[in-house]
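See below for the structure under consideration.
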Amino acid sequence: MNPTLPDRAAADGLVDYLNASPSPFHACAATAQRLVEAGFTQLDESASWPAEPGRYLVVRGGSLVAWSTEHAEGPTTAYRVIGAHTDSPNLRIKPCPDLTRVGWQLLGVEIYGGPLISSWLDRDLGLSGRIAVRDGSGTRAVLFRDDDPVLRVSRLAIHLDRSVRDGEALNPQTQLAPHWGLGNAPGDFRGYLAQHAQVAPGDVLGWDAMTHDIAPACIFGRDRDLVTGARMDNQATCHAGTSALIEAAAAPGRTALVPVLALFDHEEVGSVSERGAASVFLPVVLERVTASLGGSREHYLRALAGSIVASGDMAHGTHPNYADRHEPQHLIALNGGPVLKLNSQLRYATDALGAAAFRLACEQAQVPCQDFVVRSDLPCGSTVGPVTAAGLGVSTVDFGAPMLSMHSVRELVGADDQRMYSAALTAFLSPA
């Protein structure tokens, strides 16, 4: 065992969280369970919210916002917000998915986000998500997950396509349909979901169903100093942010603040939905929190003026086999601490003041801080940071934890980074 890893509890917690969260809906359920166990109360958006100070959360599909007003000092108390996203690239099941080809039963899928498609091939895949079912004259949502190996997208044998040595370019319509059985009759996906929802097939009215790798996340490496698993981007931030909110609610800093955790769905496809970061979900929740403290819209706007958002999304660690793809003055090490993300085209929202706030949080947490910029000859990805900054009009900083294999079906992080990540976020929510 590597003696430089004195505390693996955060990494173990991350593994458990990843294994509990095959879809954004399950990630929100796992987060809500942790928060409720820590004294948070789940509220209904359509109901009146309590005026009493406390710890609360709301869930909207695959998104969640949680906060604590226990240590607020009136309706102009500023917010400290950690933002992250619950979704990850994958394959999603079409509305009429049942296909048959040459004696095989297949499912029609669409690509969600920007996955490394080759990493999904020849893997045992499960299914998860939510099902909309008939409930009297209305509907209700049922979460489901199937961790049995029910799907597989098989590669063509190299003997039948020698050009594969030069790289694979699959047609997503004709070459990406996973098979899940043999036979010339359609596979009855609706009936399969009905069994999981324990309803009649005719009562299955819709689904948000997606594939996931059934191999569990785990700690590995010669010194057990790495973690591999699916959906690190960005459930590692969801897990660290939840830990930080629980700690900050229990042990606030010297300055009166309202700590907030905002986990958004749909970041991988642009954030433009009723529950994405570009929606009014977070602004409306924050304004209602101000109202619960006895404030008006004027008080809310004054609270925003003193607020700051930390947008957490994973960062590219320097790949040992492709070091030339990284900016040479900004190399990022796994187990090297949290990463500030900067881009002059504002693909990241970080400015000097936001960077300073996050550096101070790292100093308070006594963890190192790394700086990431993309090479000047490569395009830069983005996060929920810019859209959140624009929607709220508050200072925002983008940061993350280092990783390899981003958007692969299985990704890689440092085992000690999760501890440092959580510590830095806790300090951000409760500055000394």
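Its first residue numbered 756, the sequence shown is counted upward by one per residue in my numbering. Beta carbons are placed, not taken as given, at the ideal position from N, Cα and C, and that holds for glycine.
Contact between W935 and G942 holds: CB atoms are separated by about 6 Å, below the 8 Å threshold. The continuous beta strand (DSSP E) containing N845 extends over residues N845 to R856. For H840, the uninterrupted beta strand (DSSP E) segment begins and ends at Y834 to H840. About 14 Å separates the CB atoms of L854 and L846; that is not less than 8 Å, and the two are not in contact. With respect to the C-alpha of Y1103, the residue from H1071, S776, P830 and P1141 having the closest C-alpha is P1141.
Here L1018 is buried. Its C-beta has 16 or more other C-beta atoms within 10 Å. Annotated three-state conformation of W804 is coil, per DSSP. Between F944 and G1067, the gap from beta carbon to beta carbon reaches 8 Å or more. In the assembly as shown, S776 is a buried residue. Its beta-carbon has 16 or more other beta-carbons within 10 Å. In this structure, the alpha-carbon of Q953 lies about 15 Å from that of S883.
By the Cβ neighbour-count rule, I872 is buried, with 16 or more other Cβ atoms within 10 Å of its own. Between the segment 969-985 and the segment 817-829, the count of C-beta pairs closer than 8 Å stays below three; the two stretches do not touch.
Contact between the segment 1163-1170 and the segment 984-995 is present: three or more C-beta pairs spanning the two stretches fall below 8 Å. When the five nearest sequence neighbours on each side are left out, the beta carbons in the same chain lying within less than 8 Å of the beta carbon of D903 are those of G881 and I969, in order along the chain. Ranked by how close their Cα comes to the Cα of G858, the residues G768, E828, L937 and A785 have L937 in first place.
In the DSSP annotation of this structure, P1157 is not part of any alpha helix (DSSP H); the continuous beta strand (DSSP E) holding it starts and ends at P1157 to L1159. Assigned with DSSP and collapsed to three states, S1150 falls in strand. Taking the Cα positions, D980 is about 27 Å away from P779. DSSP places A1046 in the helix class (H, G or I) of the three-state scheme. Per DSSP, M987 is one residue of the alpha helix (DSSP H) stretching across M987 to A1005. When DSSP states are grouped into helix, strand and coil, F1019 belongs to the strand group. According to DSSP, residue pairing for M965 in a beta bridge involves R847 and S883. Under the 10 Å beta carbon count, I1087 is surrounded by 16 or more other beta carbons and is classified as buried. Excluding five sequence positions before and after A1011, the CB atoms of its chain that fall closer than 7 Å to its own CB belong to H826, A827, E828 and T832, given in chain order. Secondary structure within the segment 891-967: the alpha helix (DSSP H) runs of 4 or more consecutive residues, fully enclosed, are 944-952 (chain order). By the CB criterion at 8 Å, L1059 and V1139 fall outside the cutoff. Of H914, T992 and N939, the smallest CA-CA separation from V770 is found for T992.
At a Cβ-Cβ threshold of 8 Å, V864 and A932 count as neighbours. Taking a contact as a CB-CB distance under 8 Å, the pair A765 and Q1173 counts as one, their CB atoms being some 4 Å apart.
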